[in-house]
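In the UniProt record's numbering, the protein residues as written are 1 to 113. Worksheet for the structure shown next.
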C-alpha cells in the first residue's frame with residue numbers, strides 16, 4: 001500500500017513568496033507530480049500547517065489544487081491553521097468532538113489522523 005504524505009504547505013492565500021519560494025506553486029507542482037508518477041497511491045495525507053497565516057483564501061486555493069488530484073486526499077490542520085476558516089471551505093472533512101482528528105479505513109487498514 002502506497003501512501004503519500006505532504007506537510008507544512010504554508011499556503012498564504014496570495015501569490016507572494018515565503019522565504020524566497022512560492023508555496024502555492026510548489027504545492028500545485030507536487031500534486032501534478034504525484035498524479036503523473038504515483039497513480040497507484042492509495043491516498044495522500046496532507047498534515048498541517050496547511051496555511052501560513054490562516055485565511056479563507058488560503059483554504060480556497062488549497063481546495064482548488066486538491067480537487068485536481070487524481071488520488072484521494074486527507075487533510076489534517078496544524079498550529080498555523082484556523083479550524084473555523086478551514087471548515088468554512090472543507091465542510092466534508094470529519095470532525096470528532098470539535099477537533100480535526102478522525103479515523104479512516106482503507107482496505108483492511110485503519111488510519112488515525
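Where a beta carbon is used, it is the ideal one built from N, C-alpha and C, also for glycine.
- Contact annotation: the segment 80-96 does not touch the segment 22-42, with fewer than three C-beta pairs closer than 8 Å.
- Within the segment 49-81, complete beta strand (DSSP E) segments of at least 3 residues are found at 73-75, given in chain order.
- For the set 73, 113, 63 and 34, the Cα lying nearest the Cα of residue 85 is the one of 63.
- The alpha-carbon separation between residue 11 and residue 109 amounts to approximately 30 Å.
- For residue 89, no beta strand (DSSP E) run applies; the uninterrupted alpha helix (DSSP H) run containing it begins and ends at 83-89, by DSSP.
- Of the other Cβ atoms in all chains shown, fewer than 16 fall within 10 Å of the Cβ of residue 25; this residue is therefore exposed.
- The C-alpha of residue 49 lies about 11 Å from the C-alpha of residue 59.
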